Amino acid sequence: MAMRFSILGSGSSGNAALLVTAGARVLVDAGFSARRLGTMLAAIGESLEKVDAVFLTHEHGDHAAGIDGLKKFPHIRIFANQATARAVQSHLEHRPDWQIFETGARFAFRDLIVESFAVPHDAQEPVGFRFTSGHDGDLFAPRRSIAWLTDLGHAPQNIHECIRECEVVVVEANHCPELLKNDPKRPWSLKQRISGRHGHLSNHAAHALLAAVASPRWRRIYLTHLSRDCNSRAAVELAFAGIRGTLTSCEFSVVEPGQSTPFYDLE
Ligand SMILES: [Zn+2]
Ligand SMILES: [Zn+2]
């Protein structure tokens with residue numbers, strides 16, 4: 207097994223995933239309380255004691271709310287760029303073991319190569335990630351990559367390149383434009399923010415991104431960060447029917463709010 211991956215939860219009430227390789231156990235985002243993260247990890251036979259690091263995409267609460275409670279686990283290193291670390295730190299009383307990276311830089315953490323890339327979203331310096339382990343041509347540890355791409359208003363060309371050479375892509379399918387438009391709870395200004403260039407990808411926009419890249423390398427796509435009120439499994443399935451028909455060797459997994467996904471083993 208080259209990599210194991212499980213989404214612990216996804217949506218506006220919290221986002222976090224666990225990525226396991228032979229040499230590392232890392233969380234991508236920590237948008238639930240530490241207690242909740244502990245419970246979610248226990249459900250898949252894992253624990254915060256075994257987690258080495260957290261990689262933060264940005265400071266919004268649904269991605270970083272767990273950092274405060276992680277003070278009980280001082281061995282966990284917190285990776286973020288400077289602007290995100292500063293924004294999160296301003297709400298904390300303790301000082302985590304911050305590991306600051308430059309957006310766009312490529313660095314190693316244990317047996318993982320980590321790459322971050324800027325995404326357009328209304329936060330200080332939001333990023334997406336690509337995690338790679340193994341090497342091309344290595345029979346025992348073949349190269350495997352996973353891209354994490356939530357919270358972005360649109361997908362510039364560089365993002366197309368970031369997801370092309372990955373086996374697993376996590377992308378947000380945040381809202382159905384029709385459901386968002388008709389939502390009675392959200393004021394017009396918030397709807398503008400969500401659907402704007404620095405908001406969230408609609409089902410249609412996420413589908414357009416995947417359809418434009420349509421990489422034969424993909425084995426699994428996770429559709430995540432679904433809005434509880436302004437999206438539904440049915441709306442997502444309808445929007446992605448086209449690409450599901452074309453990329454028949456790739457599995458699609460719709461992750462609804464409140465759901466977690468069992469471990470996916472990437473051989
Ligand atoms: Zn979010
Ligand atoms: Zn956000």
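Quick note on numbering: this note's numbering labels position 246 of the sequence shown as 452, and the sequence is numbered without any gaps.
Yeah, the Cβ is synthetic: ideal placement off N, Cα and C, and Gly gets one too.
Just so you know, these numbers come straight off a predicted model, no measurement behind them.
Compute every distance between the C-beta of residue i and the non-hydrogen atoms of ligand 1, then say whether any falls below 7 Å.
i	result
residue 268	yes
residue 185	No answer is possible for residue 185: the residues shown for the chain start at 207 and end at 473.
residue 221	yes
residue 201	Residue 201 cannot be examined here, being either before or after the span of the chain that is shown, 207 to 473.
residue 431	yes
Per DSSP, residue i forms a beta bridge with which residues?
i	result
residue 209	472
residue 233	224, 260
residue 273	For residue 273, which the question treats as bridged, DSSP gives no partner whatsoever.
residue 460	429
residue 333	324
residue 339	350
residue 215	222
Determine the closest residue to residue i out of the options, with distance taken between C-alpha atoms.
i	options	result
residue 307	300, 220, 323	323
residue 377	461, 469, 466, 257	461
residue 430	213, 209, 234	213
residue 284	292, 277, 304, 271	304
residue 218	315, 362, 380	380
residue 211	413, 373, 389, 423	373
residue 427	402, 454, 207, 286	454
residue 341	335, 351, 438	351
Would you say the beta carbon of residue i is closer than 7 Å to some non-hydrogen atom of ligand 3?
i	result
residue 318	This structure lacks ligand 3; its bound ligands are ligand 1 and ligand 2.
Could you name the residues whose beta carbon sits closer than 6 Å to any heavy atom belonging to ligand 2, keeping them in chain order? 264, 266, 327, 329, 357
Which runs of the alpha helix (DSSP H) fall wholly inside the stretch 366–433 and span at least 4 residues, in chain order? 383–388, 394–401, 409–419
Considering only residues of the stretch 277–312, which uninterrupted beta strand (DSSP E) runs meet the minimum length of 3 residues and lie entirely inside it, listed in chain order? 283–286, 303–306
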